[in-house]
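Taking it in order: structure first as structure tokens, then the write-up.
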Amino acid sequence: MSDKIVIRNQYSCRISAIKKSNGHSSIRAVAYIKARKLTNSLSGDEHNFSNKSGVIDDGFFMPNGIETNMNEEQFYNHLENNCHASTNIIAYSSIMSLPSELNIENQKKLVQDFCQYFTETYQTAVSFAIHEADNIKRKKAKLDEIEKHNLPVSDDELRMQVQNNHVHLVMPYCKIEELNQSDLTAKRKKKSFADSFKLGSQVKDFNPIKYGSEIKNDKPDLMNTNQNFLQFMRQEWCNFINNSLEQNNRIERYTHKSYKDLGLQISATTHEGEMVKSRVASGKKMDVHEYNKQQKLKQQTESDYLNFINVPLPKDLAYKILSGEKVAQNELLNSLKPKPKSDYEQAQELLNQINHAQQLIDNELADPPLDLREKLDKLKTVPGPTPEPQETLSQKLERLKQKQVEQPTVQAKPKQDNDNDYSPF
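So in the UniProt record's numbering, the last spot in the sequence shown is 425, and the numbers never skip.
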């Protein structure tokens with residue numbers, strides 16, 4: 001087992017609501033993620049995505065081991081036509097990234113384990129489909145072209161996009177409950193009843209905002225992961241990824257936290273959708289893409305990014321960053337620093353200095369008070385000779401002139417012949 005950990009920053013988890021009021025349809029969402037042709041039996045709308053490619057695996061989970069003879073098309077037709085949520089929400093849709101360090105089989109097992117856990121937690125059904133990277137043929141062709149002609153282009157981001165397998169989830173916004181004996185023997189069957197299950201109450205935990213009279217009685221706790229659905233999905237999915245990586249003896253670990261929550265001073269980027277990427281690939285300039293390019297250039301000069309992200313770290317240090325201990329240390333250091341004074345405090349301090357200016361001047365001009373011992377020592381000291389007055393510059397110049405006049409002129413001695421001088425001159 002390695003004693004190193006690599007913190008990865010390629011994590012993505014997005015949630016969106018499927019609302020009737022916005023013209024959305026859970027049947028259409030399932031048809032898209034599974035590349036199938038499904039029909040709404042009530043409206044007659046046909047949703048055909050059978051020409052779509054790239055679906056690696058798909059599945060459907062029911063809670064509490066409920067078995068039904070309905071297929072997915074019949075199930076979501078029953079949901080669409082009999083679920084009348086006060087919020088107009090029929091279901092939630094999610095798209096989550098899969099770790100490229102795992103092979104296809106391990107990715108499938110990871111998704112199935114998470115879906116099983118999700119149905120047990122929220123008592124609802126879930127449909128999933130694993131997709132390969134979008135536009136993978138075009139991206140692979142571009143990679144081959146770069147390698148063939150040895151083009152001076154950085155292909156790291158493109159290689160990462162090729163490995164970008166992801167999973168789509170569709171989750172009904174109501175509980176799926178098994179029919180009990182009273183439901184089976186009831187004279188009048190409700191519309192929410194199916195062959196072996198019924199549509200239960202709304203899963204309020206999906207949406208942390210309460211409606212109607214519930215606002216007064218049940219205030220939402222946005223920090224509770226069971227109520228904040230997005231936080232729950234991001235956190236739990238990240239935990240499942242890291243557990244799977246650890247079971248497969250991988251040193252990589254993912255985090256759902258932002259750089260700020262990790263205590264790292266790194267420039268953050270903004271999410272780019274597939275539409276933005278396709279337009280950039282066709283040669284168009286997009287503001288989001290240009291902004292992210294600038295942020296990534298900044299990251300290459302930031303010490304926290306170069307030292308902590310996508311590089312092997314000691315295990316203790318890596319878990320310290322992932323758990324948020326570095327944030328606590330930064331907050332402690334910031335609390336020890338002197339807080340800057342506010343504008344009001346600075347103005348008050350300046351006003352106090354102005355009011356006490358005269359007193360400060362008087363204190364500077366006044367002689368320092370002498371105690372009795374210093375006064376006695378001063379009286380005992382014998383006065384010394386009076387120092388001579390200091391000579392001025394003009395007096396000194398006059399004295400030097402007088403001294404030069406009094407000095408006698410010395411005559412120059414005649415030069416004696418040198419017997420050793422053999423010069424003919």
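Ideal placement from N, C-alpha and C gives every residue a C-beta, glycine not left out.
Thinking Q252 and V6 are a contact (beta carbons under 8 Å), I'd like their distance in whole angstroms, please.
Within the sequence shown, residue 252 is the residue found at index 252, counting from 1. Within the sequence shown, residue 6 is the residue found at index 6, counting from 1. Correcting the residue type first, residue 252 is Glu in the shown sequence and not Gln. With a Cβ gap of about 5 Å, E252 and V6 count as contacting.
Quick one: which unbroken beta strand (DSSP E) runs of 3-plus residues sit fully inside the stretch 55-117? Chain order, please.
Runs of the beta strand (DSSP E) inside the stretch 55-117: 55-61 and 89-97.
Please confirm whether F60 and E73 have their CB atoms less than 8 Å apart.
Walking along the sequence shown from the start, residue 60 turns up at place 60. Walking along the sequence shown from the start, residue 73 turns up at place 73. Cβ atoms of F60 and E73: not closer than 8 Å.
Sequence-distant residues of its chain with Cβ nearer than 6 Å to K4 (five each side left out):
Here residue 4 is taken as the residue at index 4 of the sequence shown, counted from 1. Cβ within range, chain order: I251 and P312.
State buried or exposed for P172, treating a residue as buried only when at least 16 other CB atoms are found within 10 Å of its CB.
Indexing the sequence shown from 1 puts residue 172 at position 172. P172 comes out buried.
CB-CB length for N88 against N40, believed under 8 Å:
Taking the sequence shown and counting its residues from 1, the one referred to as residue 88 is at position 88. Taking the sequence shown and counting its residues from 1, the one referred to as residue 40 is at position 40. Contact doesn't hold; Cβ gap of about 17 Å is too wide.
Suppose the cutoff is 6 Å on Cβ atoms and the five residues either side in sequence are ignored; what does the same chain contact list for S12 look like?
The count along the sequence shown starts at 1 and reaches residue 12 at position 12. Within the same chain, and ignoring the five residues on either side of S12 in sequence, the residues whose Cβ sits closer than 6 Å to its Cβ are S97.
For chain C, check one thing: does any of its Cβ atoms lie closer than 8 Å to the Cβ of L350?
The structure shown contains no chain C; it is built from a single protein chain.
Segment limits, alpha helix (DSSP H) that includes residue 480
Residue 480 cannot be examined here, being either before or after the span of the chain that is shown, 1 to 425.
Measuring straight from C-alpha to C-alpha, what distance separates Y344 and N355?
As a position in the sequence shown, residue 344 is number 344, starting the count at 1. As a position in the sequence shown, residue 355 is number 355, starting the count at 1. C-alpha separation (whole angstroms): 17 Å.
In the DSSP assignment, find the alpha helix (DSSP H) that holds N239 and state where it starts and stops.
For the purposes of this step, residue 239 is taken as residue 239 along the sequence shown, with counting starting at 1. Going by DSSP, N239 is part of the alpha helix (DSSP H) stretching over F229 to Q247.
Can you give me the C-alpha to C-alpha distance between M70 and L79, rounded to a whole angstrom?
Within the sequence shown, the letter at position 70 stands for residue 70. Within the sequence shown, the letter at position 79 stands for residue 79. For M70 and L79, the distance between alpha carbons rounds to 12 Å.
Buried or exposed: T301, going by 16 or more other Cβ atoms within 10 Å of its Cβ?
Working through the sequence shown from its first residue, we reach residue 301 at position 301. Classification of T301: exposed, given that the 10 Å Cβ count is below 16.
What are the boundary residues of the beta strand (DSSP E) that includes Y254?
Residue mapping note: residue 254 aligns to position 254 of the sequence shown, counting from 1. It spans E252 to Y254 - the beta strand (DSSP E) in which Y254 sits, taken as one unbroken run.
Apart from the five residues on each side of it in sequence, which residues of its chain come closer than 7 Å, Cβ to Cβ, to K20?
Looking up residue 20 in the sequence shown gives position 20. Same-chain partners within the cutoff: N88 and I90.
Taking the DSSP output, what are the residues bridged to H168?
If you number the sequence shown from 1, residue 168 lands on position 168. DSSP, once it has assigned bridges, lists I95 and A129 as partnering H168.
Would you check if the distance between the CB atom of K52 and the CB atom of A29 is smaller than 8 Å?
Residue 52 sits at position 52 when you count from the first residue of the sequence shown. Residue 29 sits at position 29 when you count from the first residue of the sequence shown. When the beta-carbon positions are compared, K52 and A29 stay at least 8 Å from each other.
CB-CB length for V130 against N165, believed under 8 Å:
Your numbering for residue 130 matches position 130 in the sequence shown. Your numbering for residue 165 matches position 165 in the sequence shown. Per the sequence shown, the amino acid found at residue 130 is Ile instead of Val. Correct: roughly 6 Å between the Cβ atoms.
How about N248 and E272: are their beta carbons less than 8 Å apart?
Taking the first residue of the sequence shown as position 1, residue 248 is located at position 248. Taking the first residue of the sequence shown as position 1, residue 272 is located at position 272. No. Outside cutoff.
Please return the same chain residues whose Cβ sits closer than 8 Å to the Cβ of N106, not counting the five positions on each side in sequence.
Numbered from 1 along the sequence shown, position 106 holds the residue referred to as residue 106. Here the set comprises S244 and N248.
What are the complete alpha helix (DSSP H) segments, minimum 4 residues, inside the stretch 258-287?
Runs found: 259-262 and 274-281.
Could you please give the first and the last residue of the uninterrupted beta strand (DSSP E) stretch that includes V6?
Stepping through the sequence shown from its first residue, residue 6 is reached at position 6. V6 -> beta strand (DSSP E) spans K4 to R8.
Closest residue to V126 among Y92, A133 and K109 (Cα-Cα distance):
As a position in the sequence shown, residue 126 is number 126, starting the count at 1. If we check each option's Cα against that of V126, Y92 comes out closest.
Three-state secondary structure (DSSP) of N48
Numbered from its first residue, the sequence shown carries residue 48 at position 48. N48: strand per DSSP, three-state reduction.
Who are the near neighbours of M62 in its chain, counting only those whose CB is closer than 8 Å to its CB and skipping five residues on each side?
If you number the sequence shown from 1, residue 62 lands on position 62. Result list for M62: T68, T119, A125, I176 and F197, in chain order.
Taking S94 as the reference, which of H84, V111 and E391 has the closest Cα?
The residue labelled residue 94 in the question sits at position 94 within the sequence shown. Closest by alpha carbon: V111.
Rounded separation between E246 and Y319 - CA only
Residue mapping note: residue 246 aligns to position 246 of the sequence shown, counting from 1. Residue mapping note: residue 319 aligns to position 319 of the sequence shown, counting from 1. Distance between the alpha carbons of E246 and Y319: 13 Å.
In this structure, how does DSSP classify T39 when only helix, strand and coil are distinguished?
Numbered from 1 along the sequence shown, position 39 holds the residue referred to as residue 39. Strand.
Please return the same chain residues whose Cβ sits closer than 6 Å to the Cβ of A194, not counting the five positions on each side in sequence.
The residue labelled residue 194 in the question sits at position 194 within the sequence shown. Taken in chain order, the residues that qualify are H78.
Whose C-beta lies closer than 6 Å to the C-beta of N9 among residues of the same chain, with five residues either side of it excluded?
Looking up residue 9 in the sequence shown gives position 9. So the list reads I309, once near-sequence residues are dropped.
Based on Cα-Cα distance, which residue from K285, S323 and I241 lies nearest to L262?
Counting from one through the sequence shown, the residue named residue 262 turns up at place 262. The shortest C-alpha separation from L262 is found at S323.
From this set, A347, T392, Y305 and V167, which residue's C-alpha is nearest E132's C-alpha?
Residue 132 sits at position 132 when you count from the first residue of the sequence shown. Cα-wise, what sits closest to E132 is V167.
Where the beta strand (DSSP E) through L199 begins and ends:
To locate residue 199, count along the sequence shown from 1; it is residue 199. L199 -> beta strand (DSSP E) spans F197 to L199.
Excluding five sequence neighbours on each side, which residues of the same chain lie with their C-beta closer than 6 Å to the C-beta of Q295?
Working through the sequence shown from its first residue, we reach residue 295 at position 295. Here the set comprises S267 and T269.
C-alpha gap between D287 and S278, whole angstroms:
Taking the sequence shown and counting its residues from 1, one reaches residue 287 at position 287. Taking the sequence shown and counting its residues from 1, one reaches residue 278 at position 278. D287 and S278: Cα-Cα distance of roughly 14 Å.
For I33, which option in G44, V170, K108 and H24 has the closest C-alpha, if you only look at C-alpha atoms?
Taking the first residue of the sequence shown as 1, we reach residue 33 at position 33. Here the closest residue by C-alpha is V170.
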